[in-house]
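Just so you know, the protein sequences line up as chains A and B, in that order.
End of the first sequence sits at 206 in the numbering used here; the numbers just go up one at a time, nothing left out.
End of the second sequence sits at 135 in the numbering used here; the numbers just go up one at a time, nothing left out.
Ideal Cβ placement from N, Cα and C applies to all residues, glycine included.
What follows is one structure encoded as structure tokens, with my remarks underneath.
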Amino acid sequence: MSNTHAVSADKPEFYLTEEHHPESSTMLGFWIYLMSDCLMFAVLFVTYAVLGRNYAAGPAPADLFDLKLVAINTAMLLFSSITYGFAMLRMEKNDRSGTLLWLFVTGIFGAIFLALELYEFNHLIHEGAGPDRSAFLSIFFTLVGTHGLHVTFGTIWLITLMVQVAKFGLVEANRRRLMCLSMFWHFLDVIWIGVFSIVYLLGVLG
Amino acid sequence: MSSHPEAPAHESAHNTHHAHSHGHEAAHGSFKSYMTGFILSVILTAIPFWLVMNNVIDSKAATASIIMILGAVQVVVHMIYFLHMNAKSEGGWTMLALIFTIIIVVIAMAGSLWVMHHLNANMMPMSPEMMKNMP
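Right under this line is the structure:
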């Protein structure tokens with residue numbers, strides 16, 4: 001008897017914390033998708049780290065990048081993150097029009113970000129610093145372009161969900177979708193931290 | 001017999017767990033937590049931009065280290081305040097997936113940089129004549 005008591009007292013209790021099983025595993029599945037997306041960006045970042053100094057006698061980051069534009073871009077993405085957060089808070093209060101309003105504001109910030117990035121790419125290509133100029137520019141366009149593509153699809157998704165919410169309201173399915181997009185949108189902001197730190201700031205620093 | 005003594009322990013753990021946390025609450029933030037995250041992010045973004053745009057520190061290595069450290073801190077701030085990461089959500093599986101990803105990313109990054117650095121360092125130097133005769 002004393003023996004079994006000692007065993008049960010020493011037993012690790014980790015299985016006890018598995019009390020709450022969420023009704024749906026969508027959030028976990030989406031998180032694992034984001035983690036695999038993170039791996040893809042990690043590969044692009046490391047390629048940039050390897051190739052980023054191979055200018056092929058062409059322009060270097062300090063000649064090309066306008067940090068004021070990058071700072072505005074960063075601010076746009078950060079604002080869109082907080083406004084998406086406000087949309088989620090309105091959703092929890094079951095405020096349909098408030099959710100739609102903040103989603104709209106988020107979409108506007110996302111669109112400004114994309115417009116500025118396209119302006120920058122267009123400007124670089126017209127200066128003769130297109131992706132075919134050097135290894136550095138190839139990986140720059142690939143890395144920043146992949147992030148921009150994610151923001152593009154995020155914006156399309158956002159517009160789709162605005163239509164859904166306007167049509168069907170904040171039903172359970174729409175809440176789930178909004179929470180997935182919330183993770184996606186904040187995740188893109190996390191990736192952008194890496195982009196502006198490693199590509200732009202360290203690049204201009206030389 | 002052996003399973004009997006642990007039944008009450010199981011019960012009490014169940015009750016306390018219910019009492020102080022509803023797993024669902026953790027998935028969302030509050031206005032305050034979003035604003036905390038936002039203000040921290042603004043500060044952590046502004047400092048590196050200010051350092052680079054105004055050439056505040058002479059040493060490039062020091063500036064680069066500060067940029068990388070502040071970037072890493074900002075990633076953690078976003079994870080906590082915007083993505084609402086904690087060790088409990090989804091029974092700890094999100095944290096497990098995150099740790100797995102970080103391990104893979106560190107191996108891939110450190111390994112690639114290490115190998116490619118040595119590859120560059122061990123390349124034969126190229127003379128101008130060789131450069132001219134390149135295909």
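For glutamate 129 of chain B, no CB of chain A lies under 8 Å from its own CB, so it is not counted at the interface with that chain. Annotated three-state conformation of leucine 83 of chain B is coil, per DSSP. Contact residues of the segment 88-116 of chain B toward chain A are Glu90, Gly91, Trp93, Thr94, Ala97, Leu98, Thr101, Ile104, Val105, Ala108, Met109, Ser112, Leu113 and Met116 (C-beta to C-beta distance below 7 Å).
Within the segment 133-179 of chain A, no run of beta strand (DSSP E) reaches 3 residues while sitting entirely inside it.
In the three-state reduction of the DSSP assignment, isoleucine 198 of chain A falls in the helix class, which pools H, G and I. Judged by beta-carbon spacing, glycine 206 of chain A lies beyond the 8 Å limit of isoleucine 139 of chain A, meaning their Cβ atoms are not closer than that value. For a cut-off of 8 Å, the C-beta gap from valine 190 of chain A to alanine 108 of chain B is around 18 Å, too long to register as a contact. Along the length of the segment 56-125 of chain B, whole alpha helix (DSSP H) runs at least 4 residues long occupy 60-81 and 93-121, reported in chain order.
For the alpha helix (DSSP H) assignment, the uninterrupted runs of no fewer than 4 residues enclosed by the segment 13-76 of chain A are, from N- to C-terminal side, 26-51 and 61-64. Against chain B, the beta carbon of threonine 74 of chain A has neighbours under 8 Å at Thr45 and Phe49, listed in chain order.
With fewer than 16 neighbouring CB atoms inside 10 Å of its own CB, glycine 169 of chain A falls in the exposed class. When secondary structure is reduced to three states using DSSP, glycine 37 of chain B falls in the helix class. Of the residues A:Pro61, A:Tyr48 and A:Asp63, the one whose Cα lies closest to the Cα of leucine 143 of chain A is A:Tyr48. Proximity of cysteine 38 of chain A to chain B, defined by a Cβ-Cβ separation below 8 Å, is satisfied. If you draw a straight line from the Cα of aspartate 37 of chain A to the Cα of valine 70 of chain A, it is about 23 Å long. For glutamate 127 of chain A and leucine 202 of chain A, the gap between their C-alpha atoms comes out near 22 Å. Contact note: serine 197 of chain A reaches chain B through Pro48, Ile67, Met68 and Gly71, using a C-beta cutoff of 7 Å and chain order.
Alanine 46 of chain B and proline 128 of chain B have their C-alpha atoms roughly 44 Å apart. If you draw a straight line from the Cα of leucine 137 of chain A to the Cα of alanine 56 of chain A, it comes to about 10 Å. Taking 8 Å as the CB threshold, valine 144 of chain A stays off the interface with chain B.
For serine 97 of chain A, the secondary structure class from DSSP, reduced to helix, strand or coil, is helix. Segment contact: the segment 175-191 of chain A against the segment 73-80 of chain B, three or more CB-CB distances shorter than 8 Å; contact assigned.
By the Cβ test, the segment 78-88 of chain A is not in contact with the segment 117-133 of chain A, since fewer than three Cβ pairs between them sit closer than 8 Å. Only residues of its own chain outside the window of five on either side were considered, and among them none has a CB closer than 7 Å to the CB of glycine 91 of chain B.
Between glycine 194 of chain A and phenylalanine 45 of chain A, the gap from beta carbon to beta carbon is short of 8 Å. For histidine 147 of chain A, no CB of chain B lies under 8 Å from its own CB, so it is not counted at the interface with that chain. Taking a Cβ-Cβ cut-off of 7 Å, histidine 150 of chain A has no neighbours in chain B, whose nearest Cβ is about 15 Å from it. In the three-state scheme derived from DSSP, where H, G and I count as helix and E and B as strand, alanine 129 of chain A is classed as coil. Here the alpha carbons of leucine 100 of chain A and proline 59 of chain A stand approximately 44 Å from one another. In its chain, beyond the 5 residues on either side, Ser80, Thr83 and Tyr84 have a beta carbon closer than 6 Å to the beta carbon of threonine 106 of chain A. For valine 46 of chain A, the chain B residues whose Cβ falls inside 8 Å of its Cβ are Ala108, Met109, Ser112 and Leu113, in order along the chain.
Here leucine 149 of chain A is exposed. Its C-beta has fewer than 16 other C-beta atoms within 10 Å.
Listed along chain B are Gly29, Tyr34 and Phe82, each with a C-beta nearer than 7 Å to that of glycine 85 of chain A. In the structure shown, asparagine 54 of chain B adopts coil according to DSSP, grouped into three states.
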